[in-house]
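Novice: Before we start, here is the structure in question, set down as structure tokens.
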Amino acid sequence: MDFPFSGTGVMTQSNIVEFRSVTKTYNFGRPDAFTAIQQVSFTVEDLRDHGEFISILGPSGSGKSTILRLLAGLDPQHPPTSGTVLVAGRPVTGPGADRGMVFQDYTSFDHRTVLDNVAFGLECRGVSKSERYAKAREWIARVGLDVQADAVKYPHELSGGMRQRVAIARTLILHPRIILMDEPFGALDPHNRYQMQDLLVSLWRHVQATVFFVTHSVEEAVYLGDRVFVLSRSPGTLLHQIAVPPPDRPAAEMQRDPAFQQKVFEIRDILEQLETSPRGSGNPAGFERS
Amino acid sequence: MTNAEKPPGDLSGFPQASPGAVDPPVPEGSGVSELVEQSGRDWLPELRRPIPRWLTALAGIACVVICLGLWWWATAGAAEERLLLYSQLPSIRETIDYLPNLWDAAAPERHLWYNTKVSLGRVLLGFSLALCVGIPLGIAAGCFPVLQSALAPLILFGRNIPVAALTALVFALFGTGELQKVMFIFIACVAFILSDAISAVQEVGQRYVETALTLGASRLQIIVKVLVPLAMPMIFDSLRVLFGLAFGYIMLVEIIQEGQGAGGLGYLLNIARRRSRPEIMVIIVLTIPVVAWLIDQLLYAVQCLLFRWKYGREAEASVVLRFSRSILRLFWKNPDAVKSL
Ligand SMILES: Nc1ncnc2c1ncn2[C@@H]1O[C@H](COP(=O)(O)OP(=O)(O)O)[C@@H](O)[C@H]1O
Ligand SMILES: [Mg+2]
Numbered sequence: 001m002d003f004p005f006s007g008t009g010v011m012t013q014s015n016i017v018e019f020r021s022v023t024k025t026y027n028f029g030r031p032d033a034f035t036a037i038q039q040v041s042f043t044v045e046d047l048r049d050h051g052e053f054i055s056i057l058g059p060s061g062s063g064k065s066t067i068l069r070l071l072a073g074l075d076p077q078h079p080p081t082s083g084t085v086l087v088a089g090r091p092v093t094g095p096g097a098d099r100g101m102v103f104q105d106y107t108s109f110d111h112r113t114v115l116d117n118v119a120f121g122l123e124c125r126g127v128s129k130s131e132r133y134a135k136a137r138e139w140i141a142r143v144g145l146d147v148q149a150d151a152v153k154y155p156h157e158l159s160g161g162m163r164q165r166v167a168i169a170r171t172l173i174l175h176p177r178i179i180l181m182d183e184p185f186g187a188l189d190p191h192n193r194y195q196m197q198d199l200l201v202s203l204w205r206h207v208q209a210t211v212f213f214v215t216h217s218v219e220e221a222v223y224l225g226d227r228v229f230v231l232s233r234s235p236g237t238l239l240h241q242i243a244v245p246p247p248d249r250p251a252a253e254m255q256r257d258p259a260f261q262q263k264v265f266e267i268r269d270i271l272e273q274l275e276t277s278p279r280g281s282g283n284p285a286g287f288e289r290s
Numbered sequence: 291m292t293n294a295e296k297p298p299g300d301l302s303g304f305p306q307a308s309p310g311a312v313d314p315p316v317p318e319g320s321g322v323s324e325l326v327e328q329s330g331r332d333w334l335p336e337l338r339r340p341i342p343r344w345l346t347a348l349a350g351i352a353c354v355v356i357c358l359g360l361w362w363w364a365t366a367g368a369a370e371e372r373l374l375l376y377s378q379l380p381s382i383r384e385t386i387d388y389l390p391n392l393w394d395a396a397a398p399e400r401h402l403w404y405n406t407k408v409s410l411g412r413v414l415l416g417f418s419l420a421l422c423v424g425i426p427l428g429i430a431a432g433c434f435p436v437l438q439s440a441l442a443p444l445i446l447f448g449r450n451i452p453v454a455a456l457t458a459l460v461f462a463l464f465g466t467g468e469l470q471k472v473m474f475i476f477i478a479c480v481a482f483i484l485s486d487a488i489s490a491v492q493e494v495g496q497r498y499v500e501t502a503l504t505l506g507a508s509r510l511q512i513i514v515k516v517l518v519p520l521a522m523p524m525i526f527d528s529l530r531v532l533f534g535l536a537f538g539y540i541m542l543v544e545i546i547q548e549g550q551g552a553g554g555l556g557y558l559l560n561i562a563r564r565r566s567r568p569e570i571m572v573i574i575v576l577t578i579p580v581v582a583w584l585i586d587q588l589l590y591a592v593q594c595l596l597f598r599w600k601y602g603r604e605a606e607a608s609v610v611l612r613f614s615r616s617i618l619r620l621f622w623k624n625p626d627a628v629k630s631l
């Protein structure tokens with residue numbers, strides 16, 4: 001799980017994540033080839049004691065999930081068609097527990113209790129039962145679930161918000177360097193959403209990981225993020241990287257602030273323009289080598 | 291459907307500004323009254339509406355009564371005048387009168403329960419054998435498509451083998467002994483178990499596998515901790531269906547063997563034919579489904595207990611579970627202890 005920062009390899013910079021002109025063409029070389037993202041480049045610095053929070057916005061199909069899954073090293077997005085995805089200076093070779101992922105659809109293991117769901121990663125590492133359960137209980141409490149009542153429940157007895165809490169606990173218990181979240185709160189109602197945003201902010205301060213957070217909600221992106229990435233319509237390119245103030249108040253409160261809303265409107269205008277502008281800002285099957 | 295599976299160009303899920311999509315024009319002044327009229331005009335009962343329990347029972351009883359009535363009507367009257375002769379279908383009276391003969395302690399080889407037990411034992415043996423081969427192999431093939439491709443021809447033949455041809459085949463291969471009967475059930479079931487296990491594993495969402503991968507699970511750990519447990523309820527479902535089928539088919543091979551010591555329901559059918567006793571046939575036709583249903587309910591109860599994470603409250607609806615619980619309650623006063631059964 002650890003990244004040796006010394007020794008062999010191309011370990012020159014202190015970037016936790018780097019995309020070097022990454023292009024992903026699905027079904028490359030076949031008639032149904034489709035370029036999802038094109039020439040995406042960015043870097044996220046590895047700041048000590050402070051992971052950066054990156055929100056990703058973009059029209060549907062602009063390649064947000066593709067970027068996240070490239071980072072996670074999951075098929076069929078991995079490997080990129082061209083370019084390099086570097087994590088801590090090394091090319092991503094496949095999935096690993098150093099990059100935790102929370103999906104939009106609830107992926108709690110239905111056959112495991114909340115406790116065993118949260119302890120899953122530790123179990124895979126061979127941590128003893130008493131130790132992993134103790135840690136799992138800690139995390140269950142930390143994500144705002146009831147250790148006594150909820151730990152023994154099965155996922156089918158939980159609400160959507162509770163399931164996402166389990167998913168977050170299950171990921172964070174492993175202390176990943178990078179947390180990838182693909183519209184994790186997309187299926188929750190607004191009230192639950194605020195709660196989860198507040199929870200995420202407090203947890204994120206605790207674990208100090210770099211977070212990539214895909215969302216459709218501009219408010220959510222601006223509230224949570226240090227930086228907001230805006231992708232163009234398909235094939236996705238990285239259009240803007242907008243620095244935004246970090247969350248310093250509870251979600252429901254800060255999102256009513258006029259300065260906050262000003263920022264939201266700015267970004268919404270950019271997105272609206274993308275939505276309504278005629279398609280063809282890029283060649284749909286276009287795959288150009290530079 | 292994950293995003294990865296979305297066809298290219300799928301723009302759902304993002305607010306779309308589509309000025310062309312306006313609601314179709316509604317003719318004014320015709321809306322409400324027409325709706326009311328329509329629901330009054332529909333003569334069909336409410337679609338899919340659940341019915342009270344008494345009506346469920348009544349409908350079932352009505353069906354049984356009608357069938358018994360038809361049976362009675364077709365076999366009523368003097369021997370020569372009835373619609374269906376005794377040799378075609380014995381009357382209700384004749385069947386009931388014959389029943390004690392299948393209870394007779396003096397002739398245990400004709401005993402209905404004894405022969406049911408013998409048949410059941412054979413099915414169990416052959417079926418267990420098929421499980422031991424089919425499930426591990428099916429799970430492996432569900433995880434590794436190479437193995438699935440290699441097994442595909444076998445499964446194709448196994449699933450489409452005509453049962454009548456199979457009886458002849460096992461007769462030729464294994465004679466008329468126990469081996470023939472066990473192998474018949476084994477061959478008849480193994481391909482189905484195999485293919486059902488494969489599809490059960492494949493049915494488990496890829497997102498579970500991906501989640502496990504991002505939590506650092508190895509491939510073997512994913513098979514053992516994720517794919518197999520999540521596939522098990524579906525495998526169990528198909529096993530219940532298959533077991534019922536196997537129990538119905540076993541008689542096909544039992545009927546081949548004549549003479550002493552053969553046993554089984556097929557053997558009982560042989561007696562019926564040789565002694566021209568159609569009552570036996572009717573009794574078997576009537577008891578087997580009941581036995582099969584009881585076994586299925588028992589397996590369902592086991593399934594609910596094994597996979598509580600999936601069935602939860604559904605287990606409460608299991609007849610066998612409710613029944614055994616109420617029996618327990620007669621002896622055991624503590625309701626909580628019984629409830630946790
Ligand atoms: N496995 C795949 N095969 C082919 N096309 C894909 C695949 N996965 C995604 N796509 C296409 O790539 C584009 C980007 O997908 P995705 O990254 O899921 O977009 P987003 O998450 O921004 O909505 C979409 O148009 C989608 O249809
Ligand atoms: Mg997506």
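These protein sequence lines map, in sequence, to chains R and C.
Following the working numbering, the numbering of the first sequence begins with 1 at its first residue and continues without gaps.
Following the working numbering, the numbering of the second sequence begins with 291 at its first residue and continues without gaps.
From the three backbone atoms N, C-alpha and C, an ideal C-beta is built for every residue, glycine too.
1) Who are the Cβ neighbours of residue 521(C) in its own chain at under 8 Å, not counting the five residues just before and after it?
2) Taking 9 Å as the threshold (beta carbon to beta carbon), is residue 167(R) in contact with chain C?
3) How many angstroms separate the CA atom of residue 299(C) from the CA atom of residue 519(C)?
4) Beta-carbon of residue 495(C) versus every beta-carbon of chain R: anything under 9 Å?
5) Within the present structure, is the beta-carbon of residue 34(R) separated from the nearest heavy atom of ligand 1 by less than 8 Å?
6) Tell me, please, whether the CB atom of residue 191(R) is closer than 9 Å to any CB atom in chain C?
7) Between residue 502(C) and chain R, is the shortest Cβ-Cβ distance under 9 Å, so that the two count as touching?
8) Just by C-beta distance, which residues in the region 508-519 of chain C are closer than 8 Å to chain R?
9) Any Cβ of chain R within less than 9 Å of the Cβ of residue 337(C)?
10) Could you tell me the alpha carbon to alpha carbon distance between residue 530(C) and residue 475(C), rounded to whole angstroms?
11) Consult DSSP for residue 43(R) and reduce its assignment to one of helix, strand or coil.
12) What residues from the region 103-135 of chain R come within 7 Å of chain C, judged by C-beta to C-beta, listed N to C?
13) Go to residue 595(C), then tell me how far its alpha helix (DSSP H) extends in each direction, as first and last residue.
14) Can you tell me whether DSSP reads residue 96(R) as helix, strand or coil?
15) Taking Cβ-Cβ distances below 9 Å as the criterion, which residues of the region 73-100 of chain R are in contact with chain A?
16) Excluding sequence positions up to five away, which residues of its chain have a Cβ less than 8 Å from the Cβ of residue 237(R)?
17) For the alpha helix (DSSP H) holding residue 504(C), just list the boundary residues, first then last.
18) Rounded to whole angstroms, what is the Cα-Cα separation between residue 18(R) and residue 86(R)?
19) Let me know the alpha helix (DSSP H) ranges lying completely inside the region 198-265 of chain R, each 4 residues or longer, listed in chain order.
20) Closest Cβ-Cβ distance between residue 180(R) and chain C: below 9 Å?
21) Give the residues of chain R in contact with residue 506(C), contact being defined as C-beta atoms less than 7 Å apart.
22) Shorter than 9 Å from the beta carbon of residue 163(R) to some beta carbon of chain C?
23) Relative to the C-alpha of residue 596(C), which residue among 33(R), 112(R), 235(R) is closest?
24) Note the first and the last residue of the continuous beta strand (DSSP E) segment covering residue 376(C).
25) Does the Cβ of residue 67(R) lie closer than 8 Å to at least one heavy atom of ligand 1?
26) Spatial neighbours of residue 418(C) within its chain, please: CB distance less than 8 Å, with the 5 preceding and 5 following residues excluded, ordered by chain position.
27) Please report the straight-line C-alpha distance between residue 91(R) and residue 84(R), rounded to a whole angstrom.
28) Can you tell me whether residue 468(C) sits near ligand 2, meaning its C-beta is under 8 Å from at least one heavy atom of the ligand?
29) Is any beta-carbon of chain R found at less than 9 Å from that of residue 590(C)?
30) Mapping DSSP to helix, strand and coil, what is residue 420(C)?
31) So residue 183(R) and residue 214(R) are supposed to be a Cβ contact under 8 Å. How far apart are they, rounded?
32) Count the other CB atoms within 10 Å of the CB of residue 568(C); is the residue buried (16 or more) or exposed (fewer)?
33) Is it buried or exposed, residue 613(C), if we count other Cβ atoms within 10 angstroms and call 16 or more buried?
34) Within 10 angstroms of its Cβ, does residue 235(R) collect 16 or more other Cβ (buried), or is it exposed?
35) Under 9 Å, Cβ to Cβ, is there at least one residue of chain R near residue 597(C)?
Specialist: On the basis of the data shown:
1) Taken in chain order, the residues that qualify are 429, 432, 487, 490, 491, 493, 494.
2) Interface with chain C (9 Å Cβ-Cβ cutoff): residue 167(R) is included.
3) Below a pLDDT of 50, predicted positions are generally treated as unreliable, and residue 299(C), at 42, falls in that range; the measurement from the model is reported next regardless. For residue 299(C) and residue 519(C), the distance between alpha carbons rounds to 36 Å.
4) Yes, contact with chain R.
5) At a threshold of 8 Å, residue 34(R) counts as near ligand 1, since its beta carbon sits closer than that to one of the ligand's heavy atoms.
6) Chain C, which has no Cβ nearer than 9 Å to the Cβ of residue 191(R), makes this no.
7) Answer yes: the Cβ-Cβ gap between residue 502(C) and chain R drops below 9 Å somewhere.
8) Result list: 508, 511, 515, 516, 519.
9) Chain R places no beta carbon closer than 9 Å to that of residue 337(C), leaving this residue out of the contacts.
10) If you take the alpha carbons of residue 530(C) and residue 475(C), they lie about 14 Å apart.
11) Three-state DSSP puts residue 43(R) in a strand.
12) For the region 103-135 of chain R, the set of residues with a beta-carbon nearer than 7 Å to any beta-carbon of chain C comprises 103, 105, 107, 109, 110, 111, 120, 121, 124, 125, in chain order.
13) Unbroken alpha helix (DSSP H) run through residue 595(C): 568-596.
14) If DSSP states are grouped into helix, strand and coil, residue 96(R) belongs with coil.
15) Given the protein chain composition of this structure (R and C), no chain A is represented.
16) So the list reads 37, 38, 39, 40, 231, 282, once near-sequence residues are dropped.
17) Secondary structure note for residue 504(C): its alpha helix (DSSP H) is the uninterrupted segment 496-504.
18) Those two C-alpha atoms are separated by around 5 Å.
19) The region 198-265 of chain R contains these whole alpha helix (DSSP H) runs: 218-224, 251-254.
20) Taking 9 Å as the threshold, the shortest C-beta distance from residue 180(R) to chain C falls below it.
21) Residues of chain R with a Cβ closer than 7 Å to the Cβ of residue 506(C) are, in chain order, 96, 97, 121, 124, 125, 174.
22) Not closer than 9 Å to any Cβ of chain C, the Cβ of residue 163(R) fails to qualify, so no.
23) Cα-wise, what sits closest to residue 596(C) is 112(R).
24) First-last for residue 376(C): undefined, no H or E at that position.
25) Yes, the Cβ of residue 67(R) comes within 8 Å of a heavy atom of ligand 1.
26) Within the same chain, and ignoring the five residues on either side of residue 418(C) in sequence, no residue has its Cβ closer than 8 Å to its Cβ.
27) Cα to Cα, residue 91(R) sits roughly 7 Å from residue 84(R).
28) Checking every heavy atom of ligand 2 against the Cβ of residue 468(C), none is found closer than 8 Å.
29) No, residue 590(C) does not count as interfacial toward chain R.
30) Helix, per DSSP.
31) With 8 Å as the limit, residue 183(R) and residue 214(R) qualify as a contact, their Cβ atoms being about 5 Å apart.
32) That one is buried.
33) When all chains shown are included, residue 613(C) counts as exposed.
34) Classification for residue 235(R): buried.
35) Proximity of residue 597(C) to chain R, defined by a Cβ-Cβ separation below 9 Å, is satisfied.
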